[in-house]
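A.B. asks: Before we start, here is the structure in question, set down as structure tokens.
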Amino acid sequence: MVENLARKTEQWLLTQKEQRGARGFVVGLSGGIDSAVTATLCRNVCPDNTLGIIMPCFSNKLDAEHAELLAKTIGIEYKTVILDKVFSQMVKLLTGNEYDPGKKDLTIANIKPRLRMTTLYYYAAKTQSLVVGTGNRCELTVGYFTKYGDGGVDILPIANFVKGEVKELAKYLGVPEPIISKPPSAGLWMGQNDEIEMGITYEELDDYILNGRADERVKKIVDDLARKSMHKRQLPATPPL
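Per my numbering, the sequence shown starts with residue 90, numbered consecutively.
And the structure:
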């Protein structure tokens with residue numbers, strides 16, 4: 090089953106690359122399981138032209154270490170672009186204040202993934218490659234991504250897989266265990282945890298998406314998140330002709 094999922098996704102990646110006339114893939118390496126699985130699938134399709142970009146931005150040092158571990162384990166070229174300074178300057182320009190890493194402010198935190206996407210598209214343009222997104226089905230369902238940040242990509246190869254399936258793929262593909270077992274986090278601020286922020290576990294979310302099973306609390310949280318984030322999954326609205 091998991092082998093079939095991997096092969097089908099790799100074939101899809103190859104088709105996308107050929108149809109779009111791209112030379113390869115550019116993937117942001119966060120140190121998390123989603124980017125690890127995505128990068129490994131890309132490497133399997135295009136071993137000589139998959140580029141990983143590690144982009145620390147007031148991030149947990151362990152994330153960059155795991156990103157490097159992944160790149161070296163699967164044998165892809167990678168670059169590290171430290172975004173601390175440009176992010177700080179942007180925050181100061183917009184707010185008039187110095188960045189406070191301990192403050193949980195999404196309007197500020199969302200600048201990080203947008204700077205990262207700017208970086209990825211620079212390298213994609215330089216190498217005639219596709220920017221490969223790392224969003225999974227759970228994140229896309231509830232809108233757990235930044236509009237025009239990690240959501241602004243060319244292709245999303247693991248978009249049909251819930252978190253449990255991503256974990257199975259990670260094991261099958263040989264992703265290092267420390268990456269598989271670490272708590273999921275978007276890394277927008279220190280100590281951020283996906284499940285705590287959403288108020289539900291990925292296991293609960295997986296079950297609701299795949300089987301429609303959930304208690305009323307989970308259903309309400311998921312349905313509310315999906316409704317509020319609908320704009321993220323749509324093209325910009327245009328008036329009728």
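Built from N, CA and C at the ideal position, the CB exists for glycine as well.
1. Name the two residues that bound the continuous alpha helix (DSSP H) containing residue 104.
2. With three or more beta-carbon pairs closer than 8 Å as the criterion, would you say the stretch 126 to 137 touches the stretch 170 to 185?
3. Between 97, 299, 307 and 137, which lies nearest to residue 216 when the distance is taken from Cα to Cα?
4. Between residue 281 and the rest of its own chain, which residues show a CB-CB distance below 7 Å, the 5 nearest in sequence each way excluded?
5. Applying the criterion that 16 or more other CB atoms from any shown protein chain within 10 Å of the CB defines a buried residue, is residue 193 buried or exposed?
6. What distance in whole Å lies between the Cβ atoms of residue 147 and residue 190, which are believed to be in contact at a cut-off of 8 Å?
7. Run through the DSSP bridge pairs and tell me what residue 139 is partnered with.
8. Could you please give me the residues that DSSP links to residue 219 through a beta bridge?
9. Taking Cβ to Cβ, would you say residue 183 is nearer than 9 Å to residue 252?
10. Taking Cβ positions, are residue 156 and residue 141 nearer each other than 9 Å?
11. Short of 7 Å in beta carbon distance, which residues of its chain neighbour residue 171, apart from the five on each side in sequence? Order them along the chain.
C.D. replies: Let me lay it out:
1. Taken as a continuous stretch (DSSP letters only), the alpha helix (DSSP H) holding residue 104 covers 91 to 108.
2. Taking a cut-off of 8 Å on C-beta distances, the stretch 126 to 137 does not touch the stretch 170 to 185, as fewer than three cross pairs fall below it.
3. Ranked by how close their Cα comes to the Cα of residue 216, the residues 97, 299, 307 and 137 have 137 in first place.
4. Only 274 and 275 meet the Cβ criterion.
5. In this structure residue 193 is exposed. Its beta-carbon is surrounded by fewer than 16 other beta-carbon atoms within 10 angstroms.
6. Between residue 147 and residue 190 the Cβ distance is about 5 Å, and since that is below 8 Å, they are a contact.
7. In the DSSP assignment, the residues bridged to residue 139 are 114.
8. Looking at the DSSP output, residue 219 bridges to 114.
9. Contact flag unset, no.
10. Contact: yes.
11. Same-chain partners within the cutoff: 145.
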